[in-house]
Amino acid sequence: MLPIVPPPILLSAYRQGLFPMAESRSDQDIFWVEPRERAIIPIGGFHCSRSLARTIRREVFTIRVDSDFAGTVLECAAPRGDGEGTWISGRIAASYQRLHEVGHAHSIECWQGNELVGGVYGVAFDQVFCGESMFSRRRDASKVALAWLLALLQRAGCMLFDCQFMTGHLASLGAIPIPQSEYLDRLQNARGAQRLTLPQSLAEVEREAQDSSSSPGKLIAHSLTQTS
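Per my numbering, residue 460 is the first one in the sequence shown, and the count goes up by one each step.
See below:
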(Lines of atoms letter the chains of each structure in order from A and count residues from 1; the text may use other names and numbers.)
(Lines give C-alpha, C1' and ligand atoms only; values in the text may rest on other atoms or scores of the structure.)
Protein backbone atom coordinates (compact mmCIF):
# COMPACT_ATOMS: atom_id res chain seq x y z
CA MET A 1 0.00 0.00 0.00
CA LEU A 2 1.17 3.52 -0.75
CA PRO A 3 1.86 5.80 2.24
CA ILE A 4 -1.05 7.47 3.98
CA VAL A 5 -1.84 11.09 3.31
CA PRO A 6 -0.24 12.88 6.29
CA PRO A 7 -2.59 14.86 8.57
CA PRO A 8 -1.06 18.28 7.69
CA ILE A 9 -1.69 17.67 3.98
CA LEU A 10 -5.24 16.43 4.59
CA LEU A 11 -6.09 19.41 6.78
CA SER A 12 -4.54 21.84 4.30
CA ALA A 13 -6.69 20.35 1.53
CA TYR A 14 -9.88 20.58 3.61
CA ARG A 15 -9.12 24.21 4.44
CA GLN A 16 -8.96 24.85 0.68
CA GLY A 17 -12.30 23.15 0.06
CA LEU A 18 -10.88 19.85 -1.26
CA PHE A 19 -11.43 16.28 -0.09
CA PRO A 20 -9.97 12.91 -1.18
CA MET A 21 -11.70 10.03 -2.94
CA ALA A 22 -10.72 6.77 -4.61
CA GLU A 23 -12.32 4.73 -7.39
CA SER A 24 -12.76 1.59 -5.27
CA ARG A 25 -11.85 -0.10 -2.00
CA SER A 26 -8.69 -1.59 -3.53
CA ASP A 27 -7.62 1.52 -5.48
CA GLN A 28 -4.19 2.76 -4.43
CA ASP A 29 -4.58 6.15 -6.09
CA ILE A 30 -6.31 9.16 -4.56
CA PHE A 31 -7.88 12.07 -6.41
CA TRP A 32 -8.92 15.39 -4.92
CA VAL A 33 -12.46 16.66 -5.38
CA GLU A 34 -13.72 20.25 -5.44
CA PRO A 35 -17.44 20.22 -6.31
CA ARG A 36 -18.94 23.21 -8.09
CA GLU A 37 -21.88 22.91 -5.71
CA ARG A 38 -21.56 21.99 -2.05
CA ALA A 39 -24.13 20.53 0.34
CA ILE A 40 -24.26 21.84 3.89
CA ILE A 41 -26.67 21.44 6.79
CA PRO A 42 -26.90 24.82 8.52
CA ILE A 43 -26.09 24.62 12.22
CA GLY A 44 -29.46 24.59 13.96
CA GLY A 45 -31.17 23.61 10.71
CA PHE A 46 -31.39 19.82 10.99
CA HIS A 47 -34.89 18.59 10.12
CA CYS A 48 -35.92 16.24 12.91
CA SER A 49 -39.21 14.48 12.22
CA ARG A 50 -41.53 13.55 15.08
CA SER A 51 -40.77 9.86 14.63
CA LEU A 52 -37.01 10.47 14.66
CA ALA A 53 -37.29 12.67 17.75
CA ARG A 54 -39.26 9.90 19.43
CA THR A 55 -36.54 7.35 18.59
CA ILE A 56 -33.89 9.69 20.02
CA ARG A 57 -35.95 10.42 23.13
CA ARG A 58 -36.54 6.73 23.83
CA GLU A 59 -32.80 6.02 23.49
CA VAL A 60 -33.27 3.02 21.23
CA PHE A 61 -29.51 3.28 20.62
CA THR A 62 -26.63 4.02 22.96
CA ILE A 63 -24.64 6.95 21.58
CA ARG A 64 -20.86 6.99 21.80
CA VAL A 65 -18.17 9.24 20.39
CA ASP A 66 -14.90 7.74 19.11
CA SER A 67 -15.30 4.38 20.87
CA ASP A 68 -14.72 2.53 17.57
CA PHE A 69 -13.60 4.97 14.90
CA ALA A 70 -11.90 2.29 12.80
CA GLY A 71 -15.00 0.09 12.95
CA THR A 72 -17.23 2.96 11.86
CA VAL A 73 -15.03 3.71 8.85
CA LEU A 74 -14.92 0.00 7.98
CA GLU A 75 -18.70 -0.24 8.07
CA CYS A 76 -19.03 2.88 5.92
CA ALA A 77 -16.68 1.29 3.37
CA ALA A 78 -18.56 -2.03 3.28
CA PRO A 79 -20.50 -2.99 0.11
CA ARG A 80 -24.05 -1.64 0.02
CA GLY A 81 -27.11 -3.68 -0.81
CA ASP A 82 -27.79 -1.50 -3.86
CA GLY A 83 -24.51 -2.64 -5.44
CA GLU A 84 -22.95 0.80 -5.16
CA GLY A 85 -19.19 0.71 -4.67
CA THR A 86 -17.17 2.68 -2.16
CA TRP A 87 -14.80 5.60 -2.48
CA ILE A 88 -13.18 4.73 0.87
CA SER A 89 -10.07 2.81 -0.14
CA GLY A 90 -7.76 1.13 2.33
CA ARG A 91 -5.31 4.00 1.91
CA ILE A 92 -7.98 6.62 2.57
CA ALA A 93 -9.25 4.71 5.62
CA ALA A 94 -5.70 4.53 7.01
CA SER A 95 -5.25 8.26 6.39
CA TYR A 96 -8.43 9.07 8.32
CA GLN A 97 -7.34 6.74 11.12
CA ARG A 98 -4.14 8.73 11.51
CA LEU A 99 -6.14 11.97 11.42
CA HIS A 100 -8.33 10.53 14.19
CA GLU A 101 -5.27 9.70 16.27
CA VAL A 102 -4.18 13.34 16.22
CA GLY A 103 -7.67 14.58 17.15
CA HIS A 104 -9.05 15.80 13.82
CA ALA A 105 -11.45 12.99 12.85
CA HIS A 106 -14.34 11.68 14.92
CA SER A 107 -17.09 9.08 14.82
CA ILE A 108 -20.58 9.28 16.29
CA GLU A 109 -21.80 5.74 16.86
CA CYS A 110 -25.11 4.00 17.58
CA TRP A 111 -24.81 0.83 19.63
CA GLN A 112 -27.25 -1.88 20.69
CA GLY A 113 -25.58 -3.88 23.41
CA ASN A 114 -22.11 -4.75 22.13
CA GLU A 115 -23.04 -4.28 18.46
CA LEU A 116 -22.18 -1.22 16.41
CA VAL A 117 -25.33 -0.70 14.33
CA GLY A 118 -24.94 2.75 12.84
CA GLY A 119 -22.73 5.78 12.71
CA VAL A 120 -21.17 8.69 10.89
CA TYR A 121 -17.59 9.91 10.78
CA GLY A 122 -15.91 13.04 9.56
CA VAL A 123 -13.11 15.56 9.76
CA ALA A 124 -12.95 18.35 12.36
CA PHE A 125 -10.87 21.51 12.08
CA ASP A 126 -11.35 25.14 13.12
CA GLN A 127 -15.13 25.62 13.58
CA VAL A 128 -15.90 23.19 10.74
CA PHE A 129 -16.99 19.56 10.57
CA CYS A 130 -16.98 17.70 7.25
CA GLY A 131 -19.22 14.64 7.33
CA GLU A 132 -17.59 11.94 5.23
CA SER A 133 -19.85 8.89 5.31
CA MET A 134 -22.45 7.09 7.39
CA PHE A 135 -23.95 3.62 7.66
CA SER A 136 -26.95 1.92 9.21
CA ARG A 137 -27.52 -1.70 10.27
CA ARG A 138 -30.79 -0.87 12.01
CA ARG A 139 -33.66 1.34 10.97
CA ASP A 140 -32.89 5.05 11.45
CA ALA A 141 -29.50 4.37 13.09
CA SER A 142 -27.58 6.62 10.70
CA LYS A 143 -30.22 9.36 11.03
CA VAL A 144 -29.96 9.19 14.82
CA ALA A 145 -26.16 9.41 14.61
CA LEU A 146 -26.36 12.41 12.28
CA ALA A 147 -28.95 14.12 14.48
CA TRP A 148 -26.76 13.68 17.55
CA LEU A 149 -23.74 14.92 15.61
CA LEU A 150 -25.46 18.15 14.57
CA ALA A 151 -26.77 18.74 18.09
CA LEU A 152 -23.34 18.17 19.65
CA LEU A 153 -21.65 20.39 17.06
CA GLN A 154 -24.05 23.23 17.82
CA ARG A 155 -23.22 22.96 21.52
CA ALA A 156 -19.51 22.84 20.72
CA GLY A 157 -19.58 26.11 18.77
CA CYS A 158 -19.30 24.71 15.25
CA MET A 159 -20.17 27.17 12.48
CA LEU A 160 -20.14 24.99 9.34
CA PHE A 161 -21.26 21.42 8.70
CA ASP A 162 -20.29 20.18 5.25
CA CYS A 163 -21.91 17.08 3.75
CA GLN A 164 -20.19 17.48 0.36
CA PHE A 165 -22.66 16.20 -2.28
CA MET A 166 -26.36 17.03 -2.34
CA THR A 167 -28.78 14.09 -2.28
CA GLY A 168 -32.51 13.78 -1.79
CA HIS A 169 -31.94 11.98 1.50
CA LEU A 170 -29.76 14.79 2.86
CA ALA A 171 -32.24 17.40 1.61
CA SER A 172 -34.95 15.72 3.68
CA LEU A 173 -32.72 16.19 6.74
CA GLY A 174 -32.14 19.88 6.13
CA ALA A 175 -29.22 20.01 3.69
CA ILE A 176 -29.08 22.90 1.24
CA PRO A 177 -26.86 23.43 -1.84
CA ILE A 178 -24.50 26.38 -2.05
CA PRO A 179 -21.93 27.36 -4.70
CA GLN A 180 -18.35 26.34 -3.99
CA SER A 181 -17.37 30.02 -3.91
CA GLU A 182 -19.80 30.64 -1.03
CA TYR A 183 -18.54 27.50 0.71
CA LEU A 184 -14.98 28.85 0.57
CA ASP A 185 -16.16 32.13 2.09
CA ARG A 186 -17.84 30.22 4.90
CA LEU A 187 -14.66 28.25 5.48
CA GLN A 188 -12.75 31.50 5.96
CA ASN A 189 -15.37 32.79 8.39
CA ALA A 190 -15.17 29.60 10.44
CA ARG A 191 -11.50 29.93 11.41
CA GLY A 192 -10.60 29.63 15.08
CA ALA A 193 -11.09 27.01 17.76
CA GLN A 194 -14.47 25.66 18.87
CA ARG A 195 -15.59 25.98 22.47
CA LEU A 196 -15.59 22.20 22.93
CA THR A 197 -14.35 19.12 21.13
CA LEU A 198 -16.95 16.55 20.10
CA PRO A 199 -16.14 14.17 23.01
CA GLN A 200 -16.33 17.12 25.43
CA SER A 201 -19.71 18.13 23.99
CA LEU A 202 -21.09 14.62 24.61
CA ALA A 203 -19.74 14.65 28.17
CA GLU A 204 -21.46 18.00 28.76
CA VAL A 205 -24.82 16.58 27.63
CA GLU A 206 -24.40 13.58 29.92
CA ARG A 207 -23.61 15.85 32.90
CA GLU A 208 -26.59 18.10 32.19
CA ALA A 209 -28.88 15.09 31.96
CA GLN A 210 -27.65 13.76 35.29
CA ASP A 211 -27.98 17.15 36.99
CA SER A 212 -31.53 17.65 35.69
CA SER A 213 -32.69 14.07 36.34
CA SER A 214 -33.41 13.76 32.63
CA SER A 215 -31.75 11.64 29.95
CA PRO A 216 -29.28 12.58 27.21
CA GLY A 217 -31.75 11.45 24.57
CA LYS A 218 -34.49 13.71 25.89
CA LEU A 219 -32.16 16.71 25.98
CA ILE A 220 -30.96 16.12 22.42
CA ALA A 221 -34.48 15.50 21.07
CA HIS A 222 -35.67 18.71 22.73
CA SER A 223 -32.81 20.76 21.29
CA LEU A 224 -33.42 19.39 17.79
CA THR A 225 -37.17 20.00 17.81
CA GLN A 226 -36.64 23.53 19.12
CA THR A 227 -34.35 24.44 16.22
CA SER A 228 -35.64 22.34 13.30
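Just so you know, even glycine gets a beta-carbon here, dropped at the ideal spot from N, CA and C.
With Ala-600 and Gly-581 assumed to form a contact (beta carbons below 8 Å), what rounded beta-carbon distance in angstroms separates them? Translated into positions along the sequence shown, residue 600 becomes position 141. Translated into positions along the sequence shown, residue 581 becomes position 122. With a Cβ gap of about 16 Å, Ala-600 and Gly-581 do not count as contacting.
Pop quiz: Asp-525 and Ser-566 are said to be a contact at Cβ under 8 Å. What is the actual Cβ separation, rounded to whole angstroms? On the sequence shown, position 66 is the one that residue 525 refers to. On the sequence shown, position 107 is the one that residue 566 refers to. About 6 Å separates the beta carbons of Asp-525 and Ser-566, which is inside the 8 Å limit, making them a contact pair.
Where the beta strand (DSSP E) through Thr-514 begins and ends: The residue you call residue 514 lines up with position 55 of the sequence shown. Premise fails: Thr-514 lies in the alpha helix (DSSP H), 509–517, not in any beta strand (DSSP E).
Close-in-space but distant-in-sequence residues of the same chain around Ile-551 (CB under 7 Å, 5 per side omitted): The sequence position of residue 551 within the sequence shown is 92, counting from 1. Excluding positions up to five away in sequence, the list reads Pro-479, Ala-481, Ile-489.
Within the same chain, show all residues whose beta-carbon is closer than 6 Å to that of Ala-680, passing over the 5 residues directly before and after it, in chain order. Position 221 of the sequence shown, counted from the first residue, corresponds to residue 680. So the list reads Ala-512, Ile-515, Arg-516, once near-sequence residues are dropped.
Could you spell out where the alpha helix (DSSP H) holding Val-532 opens and where it closes? As a working mapping, residue 532 is identified with position 73 in the sequence shown. Boundaries of the alpha helix (DSSP H) around Val-532: 528–536.
In the DSSP assignment, find the unbroken alpha helix (DSSP H) run with Glu-560 in it and report its ends. Along the sequence shown, one-based indexing puts residue 560 at 101. 549–560 is the span of the alpha helix (DSSP H), which, as asked, contains Glu-560.
Can you round the beta-carbon distance between Leu-646 and Leu-612 to whole angstroms, since I take them to be within the 8 Å contact cut? In the sequence shown, counting from the first residue as 1, residue 646 sits at position 187. In the sequence shown, counting from the first residue as 1, residue 612 sits at position 153. Leu-646 to Leu-612, Cβ: 15 Å. No contact.
In whole angstroms, what is the alpha-carbon distance linking Asp-585 and Gly-651? Translated into the one-based positions of the sequence shown, residue 585 becomes position 126. Translated into the one-based positions of the sequence shown, residue 651 becomes position 192. Distance between the alpha carbons of Asp-585 and Gly-651 is about 5 Å.
Does the Cβ of Val-587 have 16 or more other Cβ atoms within 10 Å, making it buried, or fewer, making it exposed? Stepping through the sequence shown from its first residue, residue 587 is reached at position 128. Buried: at least 16 other Cβ atoms inside 10 Å.
Nearest to Arg-598 (by Cα), restricted to the options Gln-653, Ser-510, Pro-538: Stepping through the sequence shown from its first residue, residue 598 is reached at position 139. The shortest Cα separation from Arg-598 among Gln-653, Ser-510, Pro-538 belongs to Ser-510.
Here's a check: name, in chain order, each residue in its chain whose Cβ is nearer than 7 Å to the Cβ of Cys-569, leaving out the five neighbours to either side. The residue given as residue 569 occupies position 110 in the sequence shown. Answer for Cys-569: Phe-520, Ile-522, Val-576, Gly-577, Gly-578, Ala-600, Val-603, Ala-604, listed in chain order.
Report all residues from its chain with a CB closer than 7 Å to the CB of Met-593; omit the five preceding and five following residues, and keep chain order. Here the question's residue 593 lines up with position 134 in the sequence shown. Here the set comprises Cys-535, Gly-578, Val-579, Ser-601, Ala-604, Leu-605.
Tell me which residues share the same chain as Met-625 and place their Cβ nearer than 6 Å to its Cβ, disregarding the 5 neighbours each side in the sequence. Position 166 of the sequence shown, counted from the first residue, corresponds to residue 625. Correct list, in chain order: Ala-498, Pro-636.
Would DSSP call Gly-665 helix, strand or coil? In the sequence shown, the residue the question calls residue 665 occupies position 206. A small correction: the amino acid at residue 665 is Glu; Gly does not occupy that position in the sequence shown. In the structure shown, Glu-665 sits in a helix (DSSP, three-state: H, G or I).
Taking Ala-610 as the reference, which of Gly-530, Leu-477, Gly-676 has the closest Cα? Residue numbering aside, residue 610 sits at position 151 when the sequence shown is read from its first letter. Of the listed residues, the one whose Cα sits closest to Ala-610 is Gly-676.
Test item: CB-CB of Ser-554 and Arg-484 under 8 Å: Along the sequence shown, read from residue 1 onward, the residue named residue 554 stands at position 95. Along the sequence shown, read from residue 1 onward, the residue named residue 484 stands at position 25. Contact flag unset, no.
When you compare only the Cα positions, how much space is there between Pro-539 and Pro-462? As a position in the sequence shown, residue 539 is number 80, starting the count at 1. As a position in the sequence shown, residue 462 is number 3, starting the count at 1. Just to set this straight, residue 539 is Arg in the shown sequence, not Pro. Straight-line measurement puts the Cα of Pro-462 at about 27 Å from the Cα of Arg-539.
Less than 8 Å between the beta carbons of Ala-615 and Leu-657, yes or no? Looking up residue 615 in the sequence shown gives position 156. Looking up residue 657 in the sequence shown gives position 198. Contact: yes.
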